[in-house]
Amino acid sequence: MHKQIIRTCRILLLGALCLGLSGCEDPQVYGSVGFSSYSGGGYYGRGGMGTSISIGGRIR
Amino acid sequence: MGALVLLALLGCTATGISLPAVTEAPTGKHETGRIVWRDLISDKPAESRRFYEELFGWEFEGVGNLFNLGGEDAYSLIRHNGRLIGGMVNEARLQNEADDISQWVVLMSVADVDEAAAAFAADGGEVLTPPTDVADRGRMAIVVDPQGALLALIQTAEGDPAWQEPGYGDFLWDELWTTDLAAATGFYRNMTGLEEDDVEVGEDRAYRMLNRGDQPTFGMMTHPFEEKRPVWVTYIRVEDPAAITARVAELGGTVYLDAQDRPLGGQVALIADPSGAGIALQTWPFDSTAD
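Protein chains in written order, with the working numbering: chain A, 133 to 192; chain B, 1434 to 1724.
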């Protein structure tokens, strides 16, 4: 019984070790981003918009 | 067993979130409201890299291993003519459940990111990633403004980059496309302390800038595309937008808006890279002979 508890603890610790390392590896500061501002197949698909839409840009 | 726990803790300490600084020549100043960096999140990093290399002459350097990000391609620095201008995040390296989050993310400078994130939340915005230390880069938070535009707030570690007149292929301007211009103006004015300035750009049309003194900081306008999510749009200075848009499709991108004349002069265009991330092109200054 005592050995089984120790074995279980070791497995849990090994799992925690693996999770800990994998969780620290990625640049997770961006992991919370849940959507793309440009999702949905783009604005109007391929082929351009002609001149009906005006965007901005730097002025000064 | 104790050694295992210690190893796990040491592993986390050694590989905590870390991103490189936004400049190699920091000024020591924090200019609240200024866009000081742009990160591209791409689900097709190899294709995106080729796209920007071919069109704008950008240089990419994988630094994922250098910063313990779980692989060389996890994060790349982008340089132009040797100068740091931005970064690229490999979307596949993120633990994210969304199908596709590819997009350009602007990083807005703030003097105190904890205060700024709290103000964002208090004024109706949302904090997706709470203020987090990112080593050399400083301290960052990912937020969404009350109308739904995504951006990052950054308190740079050693200060913001110096202002520099952009050359061809450099970032030129940043602009918020929003669904409620009046509300967004009040929100960003309160958050940044910047002053609004409307400039007539044609019949019955004004363009709003937020300035610090005489220094334009960013622009704002009503979203030109109906029923689209508010978004921060970054402009790249180019010599000939039509020459760029002509090559976009062959490099796997999309032309949203062909090159068009601006009421005040010059031309603009709107394209997307192979990941679907949108970016605008603009000639600058208006009179190309003044270059």
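A virtual CB, placed ideally from N, CA and C, is assigned to each residue, including glycine.
Residue i classed as buried or exposed, judged by whether at least 16 other C-beta atoms fall within 10 angstroms
i, result
"Pro1663 (chain B)", "buried"
"Gln1715 (chain B)", "buried"
"Cys150 (chain A)", "Any answer about Cys150 (chain A) is weak, because its pLDDT of 38 lies below 50 and its placement is not dependable; what the coordinates show is given next. Under this definition Cys150 (chain A) is an exposed residue."
"Ala1692 (chain B)", "buried"
"Leu1488 (chain B)", "buried"
"Gly188 (chain A)", "buried"
"Ser168 (chain A)", "buried"
"Arg1695 (chain B)", "buried"
Cutoff 6 Å; reference residue i; Cβ partners in own chain excluding five residues on either side
i, result
"Asp1476 (chain B)", "Glu1524, Asp1533, Ser1535 and Ser1708"
"Glu1672 (chain B)", "Tyr1601"
"Leu1561 (chain B)", "Ile1575"
"Gly1685 (chain B)", "Glu1480 and Pro1707"
"Leu1374 (chain B)", "The structure shown does not extend to residue 1374 (chain B), since chain B is modelled only from 1434 through 1724, so no value can be given for it."
"Ile191 (chain A)", "none"
"Asp1630 (chain B)", "Met1642 and Asn1644"
"Gly1711 (chain B)", "Ala1705"
"Gly1581 (chain B)", "Arg1662 and Pro1663"
"Gly1652 (chain B)", "Glu1608 and Met1642"
Own chain residues within Cβ distance below 8 Å of residue i, not counting five before or after
i, result
"Asp1472 (chain B)", "Gly1519, Gly1520, Met1521, Val1522, Trp1537, Val1538, Leu1540 and Ala1585"
"Gly155 (chain A)", "Unreliable placement is indicated for Gly155 (chain A), whose pLDDT of 44 sits below 50; the coordinate value is still reported in the next sentence. Around Gly155 (chain A): no qualifying Cβ."
"Thr1565 (chain B)", "Ile1450, Arg1572, Met1573 and Ala1574"
"Gly1558 (chain B)", "Val1576, Val1577, Asp1578, Pro1579 and Phe1620"
"Val1567 (chain B)", "Ile1450, Ser1451, Leu1452 and Met1573"
"Ala1682 (chain B)", "Val1688"
"Asp158 (chain A)", "In this predicted model, Asp158 (chain A) has a pLDDT of only 49, less than 50, meaning its place in the structure is not dependable; the value taken from the coordinates is given anyway. Excluding residues within five positions, none has a Cβ falling inside 8 Å."
Residues bridged to residue i [DSSP beta-bridge criterion]
i, result
"Asp1545 (chain B)", "Note: Asp1545 (chain B) sits in no beta bridge, so no partner."
"Gly1519 (chain B)", "B:Ile1511"
"Gly1571 (chain B)", "B:Thr1589"
"Leu1714 (chain B)", "B:Ile1669 and B:Ala1702"
"Tyr171 (chain A)", "Correcting the residue type first, residue 171 (chain A) is Ser in the shown sequence and not Tyr. None, per the DSSP bridge assignment."
"Leu1499 (chain B)", "Bridge partners of Leu1499 (chain B): none, in fact."
"Trp1596 (chain B)", "Looking at the DSSP assignment, Trp1596 (chain B) forms no beta bridge with any residue, so it has no partner."
"Glu1494 (chain B)", "B:Leu1510"
"Gly1652 (chain B)", "B:Glu1608 and B:Met1642"
"Asp1630 (chain B)", "B:Met1642"
"Leu1584 (chain B)", "B:Val1576"
Continuous beta strand (DSSP E) stretch holding residue i: start and end
i, result
"Ile1450 (chain B)", "Note, Ile1450 (chain B): premise wrong, no beta strand (DSSP E); not H, not E."
"Ile1534 (chain B)", "It is not in any beta strand (DSSP E) - Ile1534 (chain B) carries neither H nor E in the DSSP assignment."
"Gly189 (chain A)", "Neither: Gly189 (chain A) is in no beta strand (DSSP E) and is coded neither H nor E."
"Ala1458 (chain B)", "Taken as a continuous stretch (DSSP letters only), Ala1458 (chain B) belongs to no beta strand (DSSP E), as it is neither H nor E."
"Arg1622 (chain B)", "It is not in any beta strand (DSSP E) - Arg1622 (chain B) instead sits in the alpha helix (DSSP H) that spans Leu1614 to Thr1625."
"Val1469 (chain B)", "Ile1468 to Ser1475"
"Pro1563 (chain B)", "Glu1559 to Asp1566"
Where the alpha helix (DSSP H) containing residue i begins and where it ends
i, result
"Ser1481 (chain B)", "Pro1478 to Phe1489"
"Phe1658 (chain B)", "Unbroken run through Phe1658 (chain B): none, as it is neither H nor E."
"Ala1692 (chain B)", "Run containing Ala1692 (chain B): none in the alpha helix (DSSP H); it sits in the beta strand (DSSP E), Thr1687 to Asp1694."
Residues near residue i in its chain [Cβ-Cβ closer than 7 Å; skip 5 each side]
i, result
"Gly1503 (chain B)", "Gly1497 and Arg1526"
"Ala1549 (chain B)", "Val1543, Leu1586 and Met1624"
"Thr1465 (chain B)", "Ser1542, Val1543, Ala1544, Thr1625 and Gly1626"
"Trp1610 (chain B)", "Met1654, His1656, Pro1657, Pro1663, Val1664 and Val1666"
Check each residue of the stretch 1642-1668 of chain B: if its Cβ is closer than 7 Å to any Cβ of chain A, include it; give the result in chain order.
Met1642, Pro1649, Gly1652, Met1654, Pro1657, Phe1658, Lys1661, Arg1662, Val1664 and Tyr1668
For the stretch 1541-1562 of chain B, enumerate the residues whose C-beta is nearer than 7 Å to any C-beta of chain A, in chain order.
Leu1561 and Thr1562
Selection of the stretch 1523-1538 of chain B by Cβ proximity to chain A, strictly under 7 Å
Arg1526, Leu1527, Gln1528, Asn1529, Ala1531, Asp1533, Ile1534, Ser1535 and Gln1536
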